[in-house]
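Residue 379 in UniProt numbering sits at position 379 of the sequence shown, and the numbers go up by one each step.
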Amino acid sequence: MACPSQNNKPRLSPHEYTVGWISALPIEHAAAAEMLDEEHETPTLQDNDPTLYTLGKIYDHNVVISCLPAGLIGNVSAATIATRLANRFPNAKIGLMVGIGGGVPSDEDIRLGDVVVSQPGHGHGGVVQYDMGKRLPDGKFEKTGHLDKPPTVLLNALAQVRSNHARELSTFDTNLSKLQGKAKFDRQRAGPDRLFRSAYRHEGPSCAGCKKEELVPRDSRHEDELVKFHYGTIASANSLIKDGTERDRICQDFGGNILCFEMEAAGLMNNFPCLVIRGICDYADSHNNKEWQPYAAATAAAYAKEILSVIPPNEVARLAPIKAPWVLPFNRNPQFTGRGDILLNLHQCLQEPERHPYIAIHGLGGSGKSAVAIEFAYQARDQNLTCAIFWVSSFTAERFQESYREIARALQIPSADDLEKDMLEPVRRKLTAEDRGKWLMIVDNVDDRNVLLHTKINNHQLYDYLPRSRGGMVLFTTRNRQTAIDLAPNENFPIGEMKPDDAKDLVRKSLKLPHEQALYSEDAVDRFLTLLTYLPLAIIQALAYMKKNDRSVGEYIELFQETRQSKSELLQKDFNDPTRANESLNAVTTTWLISFERIKKDDKLGIAIKYLSFLACIVPQNIPERILPSAPSKKDQEEAIGILTAYAFLAKSKENGLYNIHTLIHHVTQDWLKNANIWIETTTNAIKWLTQLVPPGGHEKSKQYSQYLAHGLFATEILEIANDEPTIKLLDRIGRCYQSLGEFSNAVLTHTKFYE
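Here it is in structure tokens:
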């Protein structure tokens, strides 16, 4: 809803704008602004987006117009502006790239002031990047890569406009007349339209000195046909073409089908799907000048407005935003370092999802599999706003289902918030649809293959609910190499130790040292990294300890050697994984042992250790703070949580406010409790506490207690004493809650355990 502002211009929410219009030059931006039927109040600047926007309405569409920074034109700058626009205006659903371009002389008889529109054909999507390829020994050009075609809604609008032109129902002249009276855009001021032969180069400061005999003879146009429209392939790259011979050669590289040259569209088509509209201001040769730029910008803007005139607003409302759904409950790690080789492999697979529908990364716990997957997701989003990103936890079947419900909400699937309705099949069906577009699903922590391959919901394995489509790819992370091979037999990538230079860079970033500053002692750092076997999680844990306690690398090494001989064996049992070497076990466990010992010293009241012990008894992801056992005061609880987060044992997601404990810390803590002979006592106490939180069914506070159920089930499964009274009581309550929520398959599974 529009609100009045002090300057009497309407003020709308950023969510109300559905059309993104990008221009490269100020004159193009001016022509675009003149097409507005109503101008809206300019939004305030934001720290993360310095772009100035012009807002308004064209017909019934709320339009946001942006312009590239002065002097910063080209594909990269256009992609940056498009990304900012899509982030600032999250409901932008269709895009237009409107401005000037250099025409290619051909049988099309393209003249200055004409309009060229990107339209698929001749094996191209409407835009080609002419510097994306290689020259073969025989002189032929081999194109590499592919740019997407404009969205269907814009191609439909294009067809309608062309039909209207044939029926003499065009609104183009009316739109162009809005610029009448503005001398800058007057066609008469543009000067003569002169086309010189391709090989003839410009002489002197202006074309006044160019030889008239080098002009290409052309018939004059009738006054009613001063502007013509051309549809086909537009060539784009970061360099400006100013040579007729080079122009013609590039055109021939693409079968002679290039109509126009420009510098921005290639940066948009795979990231900001749009229709490209160019007014011809020169012939991409040495005779180009700026005299025709204003009028060419005007004709392009007038045509763009005509495109919007034939698109029903309700059709736009049904479209998905340009910025695709994003379900990733982790923030980007600014200290992420290295792993360039495996990230390159993942990106190459994502380029061709039809050939690589399922891929996997595997390696030792703590080697950074999840960290790589998270960074890959952010990089994929940076490169393509239209690629939807989804994160699925496969730690338990319950967590898998919860992840799918989050995806269902992001995809706006009806009844996604109805806990009585299962979302596994609706999500699979939605992502499998042919028109879904590009997506990446990361299925994390597939360490227990039975979760995917042997857990049945509605008579189907969870694995059966994984989507598969032409534009989608599933990435699995797992500690088990064999599981990776089973899930992705053709594309699975191992993650080993970090490269020495990358590991040193990680130390530098974490300790916030300038790049030119020496790392304390290079010898000490080398020794430090060698002791930790260049394992990312081990390094990160050690650095967290060093920063909190203001210890140097040398001091940490001394402490490491003090505790290693006497304590490391207590935690080795957690790493009974046949795919992992014994020396790796020692390196990881000794790193965490130092933090364990320090936490016990810092934890004066014993609450942090109490919480760590409790956390070992529940699912390590999506932990609500209210599930933690009570503390003497809120301050004591916050201090205990602060100790665990300071050592990176616990992390809070900014996305949902829930906590996560790393799965390896989870396992190590379990073994620590077992070796201390307090495992059964700790688990029993956890079950008793959870029984107090979980009611015996009912719908009251269902949203709250529904977060406890997966944790309660996990606690009953890991207890090594079966059929004890606390376990039976908790299982009964969980089963009743599932029944109240309408999740009958889970209720049956729970009560089956109850009677076993």
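We treat Cβ as the ideally placed atom computed from N, Cα and C, and that holds for glycine.
- Spatial neighbours of V427 in its own chain (CB-CB distance under 8 Å, excluding positions within 5 residues in sequence) are listed in chain order as Y404, I407, A408, L411, I413, Y465 and P467.
- Membership of Y283 in any beta strand (DSSP E) is not indicated, and neither H nor E is assigned to it by DSSP.
- With respect to the 8 Å criterion, G712 and L741 are not classified as neighbours on the basis of their beta carbons.
- Taking all protein chains shown into account, I678 has fewer than 16 neighbouring C-beta atoms within 10 Å of its C-beta and is therefore exposed.
- Per the Cβ contact rule, the region 419–426 is not in contact with the region 472–486 (fewer than 3 Cβ pairs under 8 Å).
- Of all alpha-carbon atoms in V310, F185, A360 and Q379, the one lying nearest the alpha-carbon of N331 is that of Q379.
- Spanning the alpha carbons of T152 and G125 requires a straight line of approximately 12 Å.
- In terms of CA proximity to A82, S23 leads the group S23, P105 and S118.
- In the structure shown, the three-state DSSP call for D501 is helix.
- In this structure, C387 places its C-beta atom within 8 Å of the C-beta atom of K438.
- The beta carbon of I485 sits closer than 7 Å to the beta carbons of N492 from its chain, once the five residues preceding and following it are set aside; these are given in chain order.
- Minimum Cα-Cα distance from Q252 among the listed residues F596, E597 and V128 corresponds to V128.
- Taking 8 Å as the cut-off, the Cβ atoms of A92 and G267 do not count as close.
- Beta-bridge annotation (DSSP): D603 is not paired with any residue.
- Within a 10 Å sphere around the beta-carbon of N314 sit fewer than 16 other beta-carbons, which makes this residue exposed.
- The distance from the Cβ of F272 to that of L112 is about 28 Å, inconsistent with a contact at the 8 Å cut-off.
- Annotation for T478: A360, H362, V446, D447 and A484 place their beta carbon closer than 7 Å to its own, counting only its chain and skipping 5 residues before and after.
- The region 663–730 is shown to contain whole alpha helix (DSSP H) runs of 4 or more residues at 663–675, 679–693 and 702–718, in chain order.
- Annotation note: the region 613–647 contains the following uninterrupted alpha helix (DSSP H) runs of length 4 or greater, listed N- to C-terminal: 634–646.
- Residue range G244 to D253 is occupied by the alpha helix (DSSP H) that includes C251.
- Residue nearest to D602 within the set G642, T533, G232 and N164 is G642 (criterion: CA-CA distance).
- With respect to the 8 Å criterion, E306 and V161 are classified as neighbours on the basis of their beta carbons.
- Listed as beta-bridge partners of M473 by DSSP are L440.
- Counting the other CB atoms within 10 Å of its CB gives S521 a total below 16, which places it among the exposed residues.
- Annotation: the continuous beta strand (DSSP E) that includes Q129 extends over V127 to Q129.
- The count of Cβ pairs closer than 8 Å, one atom from the region 93–104 and one from the region 204–219, stays below three, leaving the stretches out of contact.
- Residues of the same chain with a CB within less than 8 Å of the CB of I599, apart from the 5 flanking positions on each side, are A608, I609, L612, I643, L644, Y647 and F649 in chain order.
- Here the region 57–68 makes contact with the region 20–36; the two share three or more CB pairs at distances below 8 Å.
- Residue nearest to Q482 within the set P536, D502, N450 and P695 is N450 (criterion: CA-CA distance).
- In the DSSP assignment, A416 falls outside any beta strand (DSSP E) and carries neither an H nor an E.
- Here the region 284–303 lies against the region 191–202, with 3 or more beta-carbon pairs under 8 Å apart.
- Selection A30, P10 and R247 evaluated against F196 yields R247 as nearest (Cα-Cα).
- According to the DSSP assignment, T233 belongs to the beta strand (DSSP E) that extends over F229 to S236.
- Within the model, the alpha-carbon separation for V310 versus A166 is close to 15 Å.
- In this structure, the alpha-carbon of L543 lies about 52 Å from that of I241.
- According to DSSP, A360 shares a beta bridge with F476 and N492.
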